[in-house]
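Peer 1: Just so we're aligned, residue 4 is where the sequence shown starts under the numbering used here, counting upward by one.
There's a structure below that I have some questions on.
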Amino acid sequence: MRKLAPVNRRFLQIHSGRIGAVAVRVPRVSLKGTGLAHWTNVTGLRSKILPAARRGGGGRIAGCVFLMGSGLGIYQTMKFYFQQHRAEEDFSHMFDTELKLTLYQYKTCPFCSKVRAFLDYHGLPYEIVEVNPVLRQEIEWSTYKKVPILVVDGTQSVQLNDSSVIISTLKTYLINKDKSIQQTVMYYPEYKTTNARGKEVTEYSNKYWVMLNEIEIEDVYPCKTTRREEVKWRQWADDWLVHLISPNVYRTPTEALASFDYIVREGKFGPVEGVFAKYVGAAAMYVISKLLKFRHGLQDDVRQDLYRAVNEWVSAIGRKRKFMGGQQPNLADLAVYGVLRVMEGLKAFDDMMENTRVKNWYKRMERAIQEQRGQS
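Below, the structure written as structure tokens:
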């Protein structure tokens, strides 16, 4: 029973039918020195046996009673042991988090950074395949040509696409282990839609929602507003914050060159390809950043939009909470951190740290991920 103690309440809530039925039929008797309990009914039996023993034949009757009681006790003890053993096996399977994960990524992509932040925070081991952003030979096997892609190996390999779907699927699976990854990903069906520019794109239903039952929702989101708040800010990170990154890191020719120097250093480029990417890519992205600024309605000084967005995030957390998730980060914290982290080492990041109120929260996030606090 000691092994089951951390999950007793959840076990009783989920399996109250089975355990309740056993508990109702069998009263409790301690077994000294074992820390276990077993159930047997002796009160009614004693009331019938003792009068008969006083009338004679007590020795034979007492002997029979002793054998019957011992046999019943052994039977019930063994029965309880096997029930407990089965329960422990069920739980060891249910809470097994050893997944073979392979992440196909560009290291400097904010969406890939979000997924790494989630995996690192939850202490999930994974392998990285760095994808060449020009040739993309590493993902030629996939009909889905964007990154991140997460391949989950189990009884059957599962390919998860889209950073928010990857995170929601894994979070749902880690909480609700009675379903496989194959079953869990069914909560997030893909569909085709047309974006604002008239281009057909692939989208996913429920992608910002962790799909839980009522008991699990109460455990994970004790306050009614926290679940919707998490969804709101995860979507905000994808729909707004991520679009502020490129205009800021490619804001000037000098910044664009510094950004591509970092991209080539961290990415998968050959020697000649790297030089070409650094200079041609920097020039191209400087021009594209101006188009993105116009597309997203940003100010001439795009830093001001970045500062305003980051301060909006910090204000939403408030002074009484360490994270959006309270005492520990939630999926919104991990998403925002993952997006902002790709600017580290660049002037845009240093300016953001100096001119906004995000620094303390950001440092707390770094520590939480380094300590892998989400693995518990």
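By construction, the Cβ of each residue, glycine as well, lies at the ideal position given by its N, Cα and C atoms.
1) Going along the chain, which residues of its own chain have a beta-carbon closer than 8 Å to the beta-carbon of residue 133, five neighbours each way excluded?
2) Please state whether DSSP places residue 329 in a helix, a strand or coil.
3) Using the Cα positions of residue 186 and residue 180, report the straight-line distance between them to the nearest angstrom.
4) Would you kindly report the start and end of the unbroken beta strand (DSSP E) that includes residue 197?
5) Quick check on DSSP: helix, strand or coil for residue 133?
6) Beta strand (DSSP E) containing residue 105: first to last residue?
7) Please confirm if the segment 213-223 is in contact with the segment 301-321, defined as three or more CB-CB distances below 8 Å between the two stretches.
8) Would you identify the three-state DSSP class for residue 156, choosing helix, strand or coil?
9) In whole angstroms, what is the alpha-carbon distance linking residue 77 and residue 223?
10) Near residue 267, what residues of its chain come up, given a Cβ to Cβ distance below 6 Å and the 5 sequence neighbours on each side ignored?
11) Whose C-alpha, out of 249, 144, 233 and 191, is nearest the C-alpha of residue 343?
12) Should residue 297 go down as buried or exposed, given a rule of 16 or more other Cβ atoms within 10 Å for buried?
13) Residues in its own chain within less than 6 Å of residue 125 by CB, not counting five upstream and five downstream?
14) What residue range does the beta strand (DSSP E) around residue 207 cover?
15) Does any residue of chain D have a CB that is nearer than 7 Å to the CB of residue 250?
16) Report the option in 144, 375, 299 and 102 whose CA atom is closest to the CA atom of residue 177.
17) Strictly by DSSP, which residues pair up with residue 161?
18) Helix, strand or coil for residue 357 per DSSP?
19) Ordered along the chain, which non-local residues of its own chain (more than five positions away) have a Cβ less than 8 Å from that of residue 265?
20) Report the rounded CA-to-CA distance for residue 322 versus residue 123, giving the unit in angstroms.
21) May I ask you to report which of helix, strand or coil DSSP gives residue 172?
22) Can you list, in chain order, the residues of its chain whose CB lies under 8 Å from that of residue 254, leaving out five sequence neighbours each side?
23) Could you give the DSSP three-state label for residue 373: helix, strand or coil?
24) From residue 135 to residue 219, what does the alpha carbon distance come to, in whole angstroms?
25) Between residue 205 and residue 337, what straight-line distance do the alpha-carbon atoms span, to the nearest angstrom?
26) Determine the contact status of residue 153 and residue 163, defining contact as a CB-CB distance below 7 Å.
27) Assign residue 37 to one of three DSSP states: helix, strand, or coil.
28) Provide the residue span of the alpha helix (DSSP H) that contains residue 115, from first to last.
29) Quick one: grab the DSSP three-state call for residue 180.
30) State the Cα-Cα distance for the pair residue 309 and residue 244, rounded to the nearest angstrom.
31) CB residue 188 to CB residue 104, shorter than 7 Å?
32) Entirely within the segment 261-327 and at least 4 residues each: give me those alpha helix (DSSP H) ranges in chain order.
33) So residue 171 packs on residue 191, CB below 8 Å; how close in whole Å?
34) Quick check: what's the CA-CA separation for residue 237 versus residue 275?
35) Using the three-state DSSP reduction, which class does residue 62 fall into: helix, strand or coil?
Peer 2: Looking at the atomic coordinates:
1) As a working note, residue 133 is residue 130 in the sequence shown. Correct list, in chain order: 108, 109, 110, 141, 270 and 271.
2) In the sequence shown, counting from the first residue as 1, residue 329 sits at position 326. In the three-state scheme derived from DSSP, where H, G and I count as helix and E and B as strand, residue 329 is classed as strand.
3) Against the sequence shown, residue 186 aligns to sequence position 183. Against the sequence shown, residue 180 aligns to sequence position 177. Per the coordinates, the alpha-carbon of residue 186 lies some 10 Å from the alpha-carbon of residue 180.
4) Sequence index remark: in the sequence shown, residue 197 carries index 194 (1-based). Per DSSP, residue 197 belongs to the beta strand (DSSP E) from 193-197.
5) The sequence position of residue 133 within the sequence shown is 130, counting from 1. If DSSP states are grouped into helix, strand and coil, residue 133 belongs with the strands.
6) For the purposes of this step, residue 105 is taken as the residue at position 102 of the sequence shown. In the DSSP assignment, residue 105 falls within the unbroken beta strand (DSSP E) covering 103-108.
7) Fewer than three pairs of CB atoms, one per stretch, sit closer than 8 Å, so the segment 213-223 makes no contact with the segment 301-321.
8) In the sequence shown, the residue the question calls residue 156 occupies position 153. The answer is strand: DSSP assigns residue 156 an E or B state.
9) Counted from its first residue, the sequence shown places residue 77 at position 74. Counted from its first residue, the sequence shown places residue 223 at position 220. With a pLDDT of only 45 at residue 77, under the threshold of 50, the placement of this residue in the model should not be trusted, and no figure is reported.
10) Working through the sequence shown from its first residue, we reach residue 267 at position 264. Answer for residue 267: 277, 280 and 281, listed in chain order.
11) Along the sequence shown, one-based indexing puts residue 343 at 340. When each option's Cα is compared against that of residue 343, the closest is 249.
12) Against the sequence shown, residue 297 aligns to sequence position 294. In summary, residue 297 is exposed, with fewer than 16 beta-carbon neighbours lying within 10 Å of its beta-carbon over all protein chains present.
13) Against the sequence shown, residue 125 aligns to sequence position 122. Once the five neighbours on either side are set aside, the close Cβ partners of residue 125 are 377 and 378.
14) Within the sequence shown, numbered from 1, the residue matching residue 207 stands at position 204. The continuous beta strand (DSSP E) containing residue 207 extends over residues 203-207.
15) Looking for chain D here will not work: only one protein chain is present.
16) As a first step, residue 177 must be located in the sequence shown, where it is residue number 174. Looking at the Cα atoms, 102 is the closest of the given residues.
17) Here residue 161 corresponds to residue number 158 of the sequence shown, with the count starting at 1. In DSSP, residue 161 forms a bridge with 155.
18) If you number the sequence shown from 1, residue 357 lands on position 354. Helix.
19) Counting from 1 along the sequence shown, the entry for residue 265 is found at position 262. Shown here for residue 265: same chain residues with a beta carbon closer than 8 Å to its own, the five before and five after excluded, namely 111, 348 and 349 in chain order.
20) For this step, residue 322 is matched to residue 319 along the sequence shown. For this step, residue 123 is matched to residue 120 along the sequence shown. Between residue 322 and residue 123, the C-alpha separation is close to 26 Å.
21) On the sequence shown, position 169 is the one that residue 172 refers to. The answer is helix: DSSP assigns residue 172 an H, G or I state.
22) Working through the sequence shown from its first residue, we reach residue 254 at position 251. Beyond the five residues adjoining it in sequence on each side, residue 254 comes within less than 8 Å, by CB distance, of 292, 305, 306 and 351 in the same chain, given in chain order.
23) Walking along the sequence shown from the start, residue 373 turns up at place 370. Here residue 373 carries a helix assignment [DSSP, helix/strand/coil].
24) By one-based count along the sequence shown, residue 135 stands at place 132. By one-based count along the sequence shown, residue 219 stands at place 216. When the Cα atoms are used, residue 135 and residue 219 turn out to be separated by approximately 40 Å.
25) Here the question's residue 205 lines up with position 202 in the sequence shown. Here the question's residue 337 lines up with position 334 in the sequence shown. In this model, residue 205 and residue 337 are separated by some 24 Å (Cα to Cα).
26) Within the sequence shown, numbered from 1, the residue matching residue 153 stands at position 150. Within the sequence shown, numbered from 1, the residue matching residue 163 stands at position 160. Yes, these two residues count as a Cβ contact at 7 Å.
27) Here the question's residue 37 lines up with position 34 in the sequence shown. With a pLDDT of only 35 at residue 37, under 50, the local geometry of the prediction cannot be trusted, and the value read off the model is given with reservation. Reduced to three states, the DSSP call for residue 37 is coil.
28) For the purposes of this step, residue 115 is identified with residue 112 of the sequence shown, where counting begins at 1. First-last of the alpha helix (DSSP H) with residue 115: 113-124.
29) What you label residue 180 is simply residue 177 of the sequence shown in a count that begins at 1. Residue 180 carries a coil assignment under DSSP once its states are collapsed to helix, strand and coil.
30) The residue you call residue 309 lines up with position 306 of the sequence shown. The residue you call residue 244 lines up with position 241 of the sequence shown. It is roughly 8 Å from the alpha-carbon of residue 309 to the alpha-carbon of residue 244.
31) Translated into the one-based positions of the sequence shown, residue 188 becomes position 185. Translated into the one-based positions of the sequence shown, residue 104 becomes position 101. Against a cut-off of 7 Å, the Cβ pair of residue 104 and residue 188 comes out as no contact.
32) Complete alpha helix (DSSP H) runs here, min 4: 274-279, 285-298 and 305-320.
33) As a position in the sequence shown, residue 171 is number 168, starting the count at 1. As a position in the sequence shown, residue 191 is number 188, starting the count at 1. Taking a contact as a CB-CB distance under 8 Å, the pair residue 171 and residue 191 counts as one, their CB atoms being some 7 Å apart.
34) In the sequence shown, counting from the first residue as 1, residue 237 sits at position 234. In the sequence shown, counting from the first residue as 1, residue 275 sits at position 272. Whole-angstrom Cα-Cα distance: 39 Å.
35) For the purposes of this step, residue 62 is taken as residue 59 along the sequence shown, with counting starting at 1. The predicted model places residue 62 with a pLDDT of 47, which falls under 50 and marks its position as unreliable; any figure quoted below should be read in that light. Three-state result, residue 62: helix.
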